[in-house]
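Protein chains in written order, with this note's numbering: chain H, 1 to 284; chain P, 1001 to 1238.
To start, the structure under review is shown below, and the notes come after it.
Listed below in structure tokens is the structure:
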């Protein structure tokens, strides 16, 4: 029982990293990035490509992060900012289009074969906790990074000038402009930050298992379920939603290997039914 | 005031503003001098709020229709206009609900302008805000929220403060408390434009007054010289 819970929480750590970027972009800009999962996969392939060009795998995993941030800044500034407004449809259509472009570009460049990022054996090492209990070093590391990322984002939003600007443009972009902020620039910074998280999630997914160009939509779905179950109140909510999804899927896997993902969907529907605003709704 | 007067801060010439296809302002000529308090009165829909929105950049107008210290101001972004020294206290206060009182005030510093106004001075003028500085802005009473909205604009240390209906929805005693702060605000040469529904209050608080009617100036003059009868005619167009 404890082991099951632990495995679920470790999986939840990965889902937290999938979900934080989505939560950040939705929270600041009310922008639903339907290409979110594809950008995660793009992050993993970015690290693979850098590695292929001769960079040490660990260096490649880190170097891909600032590149992702620049990409996120540019995409927001020159593409997504033009889609924002009262009507959510333009941003949905544009990110859906980006999703198709990324999937096909990856397919063209890297073929449909699943690949994984070289971890020098880290993915098979484990920590022995007791006679009957061991956890993988990599999943534990992923959980640790997910916790740091959640705490870090929460801190950034609550205590820094940039975080205050994020909240202000989210509340009322027109008045934020009156204060001297350039909302569109603040949006671009938010997306840059989100894309760093996205690339980190991609790299860790590639280290832990395999990635293929067509994996994106599945990751988007998990991120979605985690964010919506958590509610839009805070990054703690995203963490909680991810943990709930991870544990539920793990329980499902235990019952039958084919039931894991399906159990997650059922939990998602259940939460929508009993608490449609999510576990940590925004209180205003 | 003659144009070319070096104390002239703001001048509009034949200012026309539109909401989509609907025209809201039909050629407004307005002047505000350094350190001057000017009232804008008029019935609902006369164009008072639109005028302030045009001045602060929320409604875009052609460059030449507004001049700030002789430079064209029209068509600039709100974020640029606040840096030049115009700050708006918007109608309905519009505080940032997810920011605390102090965070709302600090947003005024995003313009990067410096001057006499800072948190310490604001808290001296409105002590209640210091007491409640860490509370969410939504937990404050209407009057206190208005103090935050004024304070937030002052934190950008403007040369011209534009106030849109400070008294809207507030009890008379609260309105008096807020307007009592005005002399301190203007004491260091800050100019103020007050859009106000309460005509006699507007007359008492300002040196000059403009009355708008259906997007045009129907009356202007020294606030203390205008008679009730003149204002009533200009207000209702009777």
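Quick reminder that beta carbons are idealized off the backbone N, C-alpha and C, glycines included.
query: Per the contact definition of three or more C-beta pairs closer than 8 Å, is the region 1125-1135 of chain P in contact with the region 1156-1174 of chain P?
result: Contact between the region 1156-1174 of chain P and the region 1125-1135 of chain P is not established, with fewer than three Cβ pairs separated by less than 8 Å.
field: residue 1012/P - partner residues in DSSP beta bridges
entry: Per DSSP, 1030/P and 1066/P.
- prompt: Mapping DSSP to helix, strand and coil, what is residue 201/H?
  reply: DSSP, reduced to helix, strand and coil, places residue 201/H within a helical segment of the structure shown.
query: Of all the options 73/H, 176/H, 279/H and 11/H, which has the alpha carbon lying nearest to the alpha carbon of residue 135/H?
result: It is 11/H whose Cα lies nearest to the Cα of residue 135/H.
message: So that I know if they touch, is there some Cβ in chain H lying closer than 8 Å to that of residue 1151/P?
response: It does not: the Cβ of residue 1151/P has no partner Cβ on chain H nearer than 8 Å.
query: In whole angstroms, what is the alpha-carbon distance linking residue 1123/P and residue 1086/P?
result: If I take the Cα positions, the gap works out to 22 Å.
- request: Check residue 1001/P in the structure and name its three-state DSSP category.
  value: The predicted model places residue 1001/P with a pLDDT of 43, which falls under 50 and marks its position as unreliable, so this point remains unresolved.
query: Going by beta carbon distance, what residues of the same chain come within less than 7 Å of residue 166/H, once the five residues before and after it are set aside?
result: Contacts found: 28, 157, 186 and 190.
- request: Anything in chain P within Cβ reach of residue 215/H, meaning under 9 Å, just list it in chain order.
  value: None at all; the shortest Cβ gap to chain P is about 35 Å.
task: Output, in sequence order along the chain, the residues in the region 1088-1106 of chain P whose CB is closer than 9 Å to any CB in chain H.
output: Taking 9 Å as the Cβ-Cβ cut-off against chain H, the residues of the region 1088-1106 of chain P that qualify are 1088, 1090, 1094, 1095, 1096, 1097, 1098, 1099, 1103, 1104 and 1106.
task: For the region 1109-1130 of chain P, enumerate the residues whose C-beta is nearer than 9 Å to any C-beta of chain H, in chain order.
output: Of all residues in the region 1109-1130 of chain P, 1109, 1110, 1111, 1112 and 1113 have a Cβ within less than 9 Å of some Cβ in chain H.
- prompt: Roughly how many angstroms separate the alpha carbons of residue 1027/P and residue 1215/P, rounded to a whole number?
  reply: In this structure, the straight-line span from the alpha carbon of residue 1027/P to that of residue 1215/P is close to 8 Å.
Cβ of residue 277/H within 8 Å of any chain P Cβ: Output row for residue 277/H: interface = no.
- request: To the nearest angstrom, report how far apart residue 1200/P and residue 1209/P are at their CA atoms.
  value: Taking the Cα positions, residue 1200/P is about 11 Å away from residue 1209/P.
task: Give me the Cα-Cα distance between residue 1172/P and residue 1143/P, rounded to the nearest whole angstrom.
output: A straight line joining the alpha-carbon of residue 1172/P with that of residue 1143/P spans about 10 Å.
- request: Check residue 136/H in the structure and name its three-state DSSP category.
  value: Annotated three-state conformation of residue 136/H is strand, per DSSP.
- prompt: When the Cα atoms are used, what is the spatial distance from residue 1211/P to residue 1168/P?
  reply: Cα to Cα, the separation comes out at about 18 Å.
- prompt: At a CB-CB cut-off below 8 Å, which residues of chain P make contact with residue 175/H?
  reply: Within chain P, the residues near residue 175/H are 1090, 1094 and 1096.
message: Against residue 1082/P, what residues of chain H qualify as contacts under a CB-to-CB distance less than 9 Å, listed in chain order?
response: Taking a Cβ-Cβ cut-off of 9 Å, the neighbours of residue 1082/P in chain H comprise 177, 178, 179 and 180, given in sequence order.
query: Cβ atoms of residue 153/H and residue 24/H: under 8 Å apart, would you say?
result: Yes; because the gap between Cβ atoms is below 8 Å, this pair is in contact.
field: Whole alpha helix (DSSP H) elements within the region 1124-1163 of chain P, 4-residue minimum
entry: At a cut-off of 4 residues, the continuous stretches assigned as alpha helix (DSSP H) that sit fully inside the region 1124-1163 of chain P are 1127-1131 and 1142-1154.
task: With a 10 Å radius around its C-beta and 16 neighbouring C-beta atoms as the bar for buried, classify residue 151/H as buried or exposed.
output: Exposed, since its Cβ has fewer than 16 Cβ neighbours within 10 Å.
task: Look up residue 1218/P in the DSSP assignment and say whether it is helix, strand or coil.
output: Assigned with DSSP and collapsed to three states, residue 1218/P falls in strand.
- prompt: Interface residues of chain H around residue 1056/P at Cβ under 9 Å?
  reply: What residue 1056/P touches in chain H: 178.
Assigned secondary structure, residue 1187/P (DSSP; H/G/I helix, E/B strand, else coil): In the three-state reduction of the DSSP assignment, residue 1187/P falls in the coil class, being assigned neither a helical nor a strand state.
Residue 1003/P versus residue 98/H: straight-line alpha-carbon distance, rounded: With a pLDDT of 44 at residue 1003/P, under the threshold of 50, the predicted position of this residue should be treated as unreliable, though the coordinate-derived value follows. Cα-Cα distance, rounded: 55 Å.
- prompt: At a CB-CB cut-off below 9 Å, which residues of chain P make contact with residue 172/H?
  reply: Correct list: 1094, 1095, 1096 and 1097.
- prompt: Between which two residues does the beta strand (DSSP E) carrying residue 1038/P extend?
  reply: Counting along the chain, the beta strand (DSSP E) containing residue 1038/P begins and ends at 1037-1042.
query: Quick one: does residue 285/H have its CB under 8 Å from some CB of chain P?
result: Lying before the first or after the last residue shown, residue 285/H is absent from chain H, which here runs from 1 to 284.
message: Taking the beta strand (DSSP E) that residue 1213/P belongs to, which residues open and close that run?
response: Per DSSP, the unbroken beta strand (DSSP E) holding residue 1213/P starts and ends at 1208-1213.
- request: For residue 168/H, decide whether its Cβ has a neighbour in chain P, counting only Cβ atoms nearer than 8 Å.
  value: Yes, its Cβ sits closer than 8 Å to a Cβ of chain P.
field: alpha helix (DSSP H) runs contained entirely in the region 214-264 of chain H, provided each spans 4 or more residues
entry: Inside the region 214-264 of chain H, DSSP marks whole alpha helix (DSSP H) runs of 4 or more residues at positions 216-230 and 235-255, from first to last along the chain.
- prompt: Of the residues 244/H, 282/H, 280/H and 281/H, which one's Cα is nearest the Cα of residue 266/H?
  reply: Cα-wise, what sits closest to residue 266/H is 244/H.
- request: Return the Cβ separation of residue 228/H and residue 278/H in integer angstroms, given the expectation that the two are a contact with Cβ distance under 8 Å.
  value: Yes, they are in contact, since the Cβ atoms of residue 228/H and residue 278/H sit about 6 Å apart, within 8 Å.
- prompt: Between residue 247/H and residue 1146/P, what straight-line distance do the alpha-carbon atoms span, to the nearest angstrom?
  reply: Taking the CA atoms as reference points, residue 247/H sits about 48 Å from residue 1146/P.
message: What does the alpha-carbon distance come out to for the pair residue 1073/P and residue 1080/P?
response: Residue 1073/P and residue 1080/P: Cα-Cα distance of roughly 9 Å.
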